Amino acid sequence: MKRRDFLKNTGLASSLFLVPSFVKAFEKIATEQLGFKRLVIIQLSGGNDGLNTVIPFRNDIYYKKRQGIAIPKNKIISLTDDLGFHESLLPLKRLYDQGYVSIINNVGYPNPDRSHFRSTDIWHTATDSDKYATSGWLGRYLDQYGQHPYNGIEVDDSLSLALKGEINNGIATKNAALLFNTAREPYFKKILANPQDAHLSEHNLGYLYKTLIAAESSAKYIYETSKTFKSKQEYPQNPFAKQLKTTAEFINSGLDTKVFYTSLGGFDTHANQPNKQKQLLKVYAEGIESFVKDLKKNETFKDTLILTFSEFGRRVQQNAANGTDHGTANNVFIIGEHLKQKGIYNSVPNLLKLDANGDLIYEIDFRQIYATVLDNWLGVDAKAILFEKSFKKLDFI
């Protein structure tokens, strides 16, 4: 049997083959137990405009450089004397007022790359901008501290590089029942029962066979555990909110997953930005508020930390199409019940001091945030996961 025929004949290709490094995992015995705390990552894909999200409304330069897209002062939700939320973030403001939000400004990395794909890879792998890696920072966390593929779940149809390790990978699914039923397909079962019939020992099909064994076990565990809890929290009717609802059901059912990954796309606003971003931020904020309420009702919010990032921000100067082009530094939202520093974590962006391209200059390396989360929240050795590099930790948790 050829590899392409094998993939074609099993529906698992869409979900389970996105966890492709299980061969060595069978030889690895985990020596450390994962902690009980959970991390939820939310990626705002496309490059969200941070300046129109957390707005420096006292800064005249902001309005001068963005005459067509700047948020009017009367539509801004005030946070401090200098900063305010976009009007669509009212649900997030309610969480902010409860002390559940820390906003870290000017987050980026040296020698920034303005390509969506490359910058996303840099954030996912936690490499320097001139270095490349095939494993993600969360994948390497699973390598060292994970025992099963379901210790890391992306609530989507495909697995991001962030959750791919050198030995262990996470698993991608947004429907536990579909994943489980797919794993029980007759053809799939036949291959597992009689690998010699498909000549799986030849070439890389033996590898696929081992992948299938691990994936089948994960599918059964995720389905049987998560079906014990169905959320009663009302969520908005959109795909992003559905991701968060599924994540909440996974968490509240007691699934032994320490890292969840979700995303909301559409933030590449080169043209007609005001309306697009207004809608997207509304989707994000309403979904997050419902998610936090769901966790709080079930007493799991106290053990959950939510990190929201985008691969880069946007240029300070608007373009001719009432949009913004790719930029550099951006804001990161940390949401949780046990924040040490709540509200605005650090200084506002400096619009007088831009780089040669007219972009913000980063102040905090995003890997400082990763190191803080790994050490202070997940309770593991950040250096071992971040290529043996030390990054100054922050004080938000």
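One rule links them: number in our numbering = place in the sequence shown (from 1) + 150. Think of the CB as a built atom: it goes at the ideal place given N, C-alpha and C, for glycine as much as any other residue. Values in this document were obtained by computation on a predicted structure and should not be read as measured data.
Among the options, nearest to residue i - alpha-carbon criterion
i, options, result
"F516", "N481, T407, E384, K503", "N481"
"I543", "K490, P499, D509, D505", "Residue identity check: residue 543 is Lys in the sequence provided, not Ile. The shortest Cα separation from K543 among K490, P499, D509, D505 belongs to K490."
"Y411", "K380, G404, N425, L457", "L457"
"Y434", "G529, K187, Q193", "Q193"
"F186", "N402, D475, V251", "N402"
"Y385", "K426, Q429, D444", "D444"
"S195", "S310, G234, L242", "S310"
"N319", "K340, S368, T419, S497", "S368"
"V498", "I484, I514, G508", "I514"
"S460", "L242, T270, G218, I372", "T270"
"Q383", "E366, P389, K447", "K447"
"D505", "G249, K539, V466", "V466"
Reduced DSSP category for residue i - H, G, I as helix; E, B as strand; rest coil
i, result
"E304", "strand"
"Y295", "helix"
"S351", "Interpretation of S351 is limited by its pLDDT of 48, a score under 50 that renders its predicted location unreliable; no figure is taken from the coordinates."
"V466", "coil"
"L510", "strand"
"K314", "strand"
"G234", "strand"
"F534", "A small correction: the amino acid at residue 534 is Ala; Phe does not occupy that position in the sequence shown. Three-state DSSP puts A534 in a helix."
"A220", "coil"
"L255", "Reading off the sequence, residue 255 comes out as Asn, not Leu. Strand."
"G200", "helix"
"G493", "strand"
"S368", "helix"
Run of the alpha helix (DSSP H) containing residue i, from where it starts to where it stops
i, result
"Q427", "423–447"
"R264", "Taken as a continuous stretch (DSSP letters only), R264 belongs to no alpha helix (DSSP H), as it is neither H nor E."
Beta-ladder partner(s) of residue i, from DSSP
i, result
"T270", "Partner(s): none; T270 has no beta bridge."
"T454", "R188"
"T412", "I192"
Boundaries of the beta strand (DSSP E) in which residue i is found, first to last residue
i, result
"L329", "From DSSP, L329 is part of no beta strand (DSSP E) but of the alpha helix (DSSP H) over 326–333."
"Q518", "No beta strand (DSSP E) holds Q518; the alpha helix (DSSP H) holding it covers 516–522."
"Y246", "Run containing Y246: none in the beta strand (DSSP E); it sits in the alpha helix (DSSP H), 240–247."
"F400", "Premise fails: F400 lies in the alpha helix (DSSP H), 389–402, not in any beta strand (DSSP E)."
"I211", "Note, I211: premise wrong, no beta strand (DSSP E); alpha helix (DSSP H) at 210–215."
"V498", "From DSSP, V498 is part of no beta strand (DSSP E); its letter is neither H nor E."
"N480", "480–485"
Neighbour flag for residue i against chain D, beta carbons, 8 angstroms
i, result
"A333", "The structure shown contains no chain D, having only a single protein chain."
Any non-hydrogen atom of the ligand PLP closer than 7 angstroms to residue i Cβ
i, result
"A333", "The ligand PLP is absent from the structure shown, which contains no ligands of any kind."
Worksheet entry | Contact the segment 243–258 vs the segment 276–289: 3+ CB pairs below 8 angstroms | no
Discussion item. Count Cβ pairs between the segment 441–460 and the segment 218–238 that sit closer than 8 angstroms; are there 3 or more?
Written reply: no
Fill in: Three CB pairs or more closer than 8 angstroms across the segment 373–383 and the segment 420–436
no
Worksheet item: Does the segment 231–248 touch the segment 522–529, meaning 3 or more C-beta pairs lie closer than 8 angstroms?
Response: no
Discussion item. Closer than 8 angstroms is the cut-off here; do at least three beta carbon pairs connect the segment 285–304 with the segment 530–541?
Written reply: yes
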